[in-house]
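Right, one structure below, let's go through it.
In the numbering used here, the protein residues as written are 5 to 162.
So this is what it looks like as structure tokens:
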């Protein structure tokens, strides 16, 4: 299959169509197009009939994007990582994945600490039999932090 090259290079005769790329990478075609619009995936060449024709490495890029997202990176962060990796020729070692992974690890550990506190508070609420948020908000024995939030607040009788 001959294609017209959108990037100024010689026409490509092989490649993968959108459905093939999406299936191989485990994403849907709308996701593929969205990533293309966001600049995460390069705009593909097109066949003479106008069909997108992606290079095989697009599957790898999509898998990298999805894996990075599962590790907690946002699409903006993934775009930065892909950009740094693509333009890295002897650049700073701290500008890429290592530095960002360390930062993400700190963020994840903070979230885990917050989740542990939430889990323990919810366990205490279940054990205390808390059943009504409004009643618990006024009860000094409820383990939920309502009492701390309402201390010092002037109560208005209605």
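Think of the CB as a built atom: it goes at the ideal place given N, C-alpha and C, for glycine as much as any other residue.
Please read these numbers as outputs of a predicted model, since none were measured by experiment.
Whether residue i touches residue j by CB criterion (8 Å)
{"i": "residue 44", "j": "residue 69", "result": "yes"}
{"i": "residue 66", "j": "residue 21", "result": "no"}
{"i": "residue 81", "j": "residue 104", "result": "yes"}
{"i": "residue 117", "j": "residue 63", "result": "no"}
{"i": "residue 83", "j": "residue 123", "result": "no"}
{"i": "residue 19", "j": "residue 59", "result": "yes"}
{"i": "residue 85", "j": "residue 77", "result": "yes"}
{"i": "residue 36", "j": "residue 26", "result": "yes"}
Of the listed residues the options, nearest to residue i (C-alpha basis)
{"i": "residue 130", "options": "116, 145, 39", "result": "145"}
{"i": "residue 75", "options": "26, 112, 121, 27", "result": "112"}
{"i": "residue 40", "options": "119, 100, 79, 52", "result": "79"}
{"i": "residue 72", "options": "53, 102, 47, 48", "result": "102"}
CB-CB length for residue i against residue j, believed under 8 Å
{"i": "residue 149", "j": "residue 128", "result": "At roughly 11 Å, the Cβ-Cβ gap does not stay under 8 Å, so residue 149 and residue 128 are not in contact."}
Inside the stretch 32 to 96 only - beta strand (DSSP E) runs reaching at least 3 residues: Runs of the beta strand (DSSP E) inside the stretch 32 to 96: 49 to 51.
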